[in-house]
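One structure is given here, and the rest of the page talks about it.
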Amino acid sequence: MRNALLIAALAAAALAVITSWPQPSRPSLRSPPSAAPAPALPPPSAAAVPVLSAVPPTAATLTDRARAQLERDPAAALRDIEQADRLAGPGDERRRALEIVAFVRLGRVGHARALTDRFYRSFPDSAEVPQLERLTGYHPRPYGP
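The opening position of the sequence shown corresponds to residue 2 in the numbering used here, with each subsequent residue numbered one higher.
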């Protein structure tokens, strides 16, 4: 009995809230149409029409675009890096460094550290190594005795 009263009280409160919401205005079917015509849309300008390039992007342009997108959209930068790798192969030092930075920006630091280890082995004398070490916290030990 007590649960039934509680449910009834909640239902009454919900009904009060719903009926107090403003109703959207609906035109009456009996009212005459508005005398004012709908405003005409302006013709599209030449600047508003997107121009599609007939030339597919190269690996270099994709890499440059990835570098530009790195701060604001690291996921898009990774997509461009993957596309550039499909075009030119995965051996580019710049793209590998950008890929590591993108994973750091996405919060995937563990994956970035693993890629930094691979980067260090592939490009031990790269100028990017100090920056990648700072970003990932990865500091390789010298190989050998």
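Using N, Cα and C, we set each Cβ at its ideal position, and we do this for glycine too. Note that the coordinates shown come from a computational prediction; the quantities given were computed from them, not determined experimentally.
Please tell me whether residue i and residue j are closer than 8 Å, where the distance is taken between their beta carbons.
{"i": "V110", "j": "Y121", "result": "no"}
{"i": "R66", "j": "D81", "result": "yes"}
{"i": "A60", "j": "L88", "result": "yes"}
{"i": "I101", "j": "L133", "result": "yes"}
Measuring only the C-alpha atoms, how far is residue i from residue j?
{"i": "R96", "j": "R142", "result": "24 Å"}
{"i": "A128", "j": "L79", "result": "21 Å"}
{"i": "L136", "j": "R68", "result": "16 Å"}
{"i": "L71", "j": "L107", "result": "10 Å"}
Once DSSP output is grouped into helix, strand and coil, what is the label at residue i?
{"i": "Y110", "result": "The sequence as given places Val at residue 110; Tyr does not occur at that position. DSSP places V110 in helix when its eight states are reduced to three."}
{"i": "V56", "result": "coil"}
{"i": "A128", "result": "coil"}
{"i": "D81", "result": "helix"}
{"i": "L63", "result": "helix"}
{"i": "R119", "result": "helix"}
{"i": "L71", "result": "coil"}
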